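What the sequence shown shows, in the working numbering, is residues 6 to 214, in sequence order. The structure under discussion appears below in the form of structure tokens.
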Amino acid sequence: MTRGMFIAFEGGEGAGKSTQARLLAEALRTRGLEVVVTREPGGTPGAEAIRALLLGTAGEGWHARAEALLFAAARSDHVERLIVPALERGAWVVCDRFVDSSRAYQGGGLGLSDAEVRELHRIGSGGLLPDLTLLVEVSPDVAAARLDLRDAGNADRIGGRDAAFHAKVAAAFARFAEEEPARFARIDGDGPAAEVHAGVMSALGGLLP
Ligand code: TMP
């Protein structure tokens, strides 16, 4: 049995990642592949419980290290109980956010070092990385308009941080893509969903069966 491919979507708030994950899964299924669509934080009952802690009011006042440890714990459960078994049985895994979100938000945004975030990932998840990471980038105006539609002013605890925080997150993502061009593809997310999806499919190019 050939191992499945692990594809992650990354980007800031309102980039359209969830829509793109769904469209990609549909396209892969029409090619006869088994596809597991999942998200972080979350994806297993244990990790979804940690998500509720992280994004709800219980998380108020936690410092960056506590936050990073919880994301790493959620990811550990998700990797061990859902992602790795799926890949091993040959399924493709399409994940809405993965470790690069911790590097960008808890690292770039909150100031932990990249080495610290990677070390937590090594301990929690054996350092597993996606085969391809699709970084969906949108201009701040497009992101703000989409978030207004989605959240109607009720952003979660992390999504609701100020513009300076989100600018640091976006800059960190851009830096990661420059540093690892073989693992990242940068996708222009400003256009309509079908156009962005076409960009995703062309980025997948050689990986498609
Ligand atoms: P979502 O809104 O894309 O579902 O993601 C939930 C929030 O959690 C979003 O604001 C990004 C944030 N996040 C981190 O800060 N670190 C992480 O490692 C992950 C996976 C998400």
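We put the CB at the ideal spot given by N, CA and C, even for glycine. Being a predicted model, the structure only gives us computed values, none of them experimental.
Item, Value
"Using CA atoms only, rank isn't needed, just tell me which of G164, H126, E124 and A168 is closest to P145.", "A168"
"Distance, Cα to Cα, G211 vs R188?", "13 angstroms"
"What are the boundary residues of the beta strand (DSSP E) that A13 is part of?", "F11 to E15"
"What residue from E15, R36 and R80 has the CA that sits closest to P214's CA?", "R36"
"Under 7 angstroms: does the beta carbon of S81 sit that close to some heavy atom of the ligand GTP?", "This structure does not include the ligand GTP; its bound ligands are the ligand TMP."
"Hey, out of A148, R102, P90 and A176, whose CA is closest to A26's CA?", "R102"
"DSSP three-state label for L133, please.", "coil"
"Quick one: residues in its chain with C-beta nearer than 8 angstroms to the C-beta of R44, no 5 flanking neighbours on either side, listed in chain order?", "S23, A26, C100, D101 and R102"
"Does at least one heavy atom of the ligand TMP sit under 7 angstroms from the Cβ of E18?", "yes"
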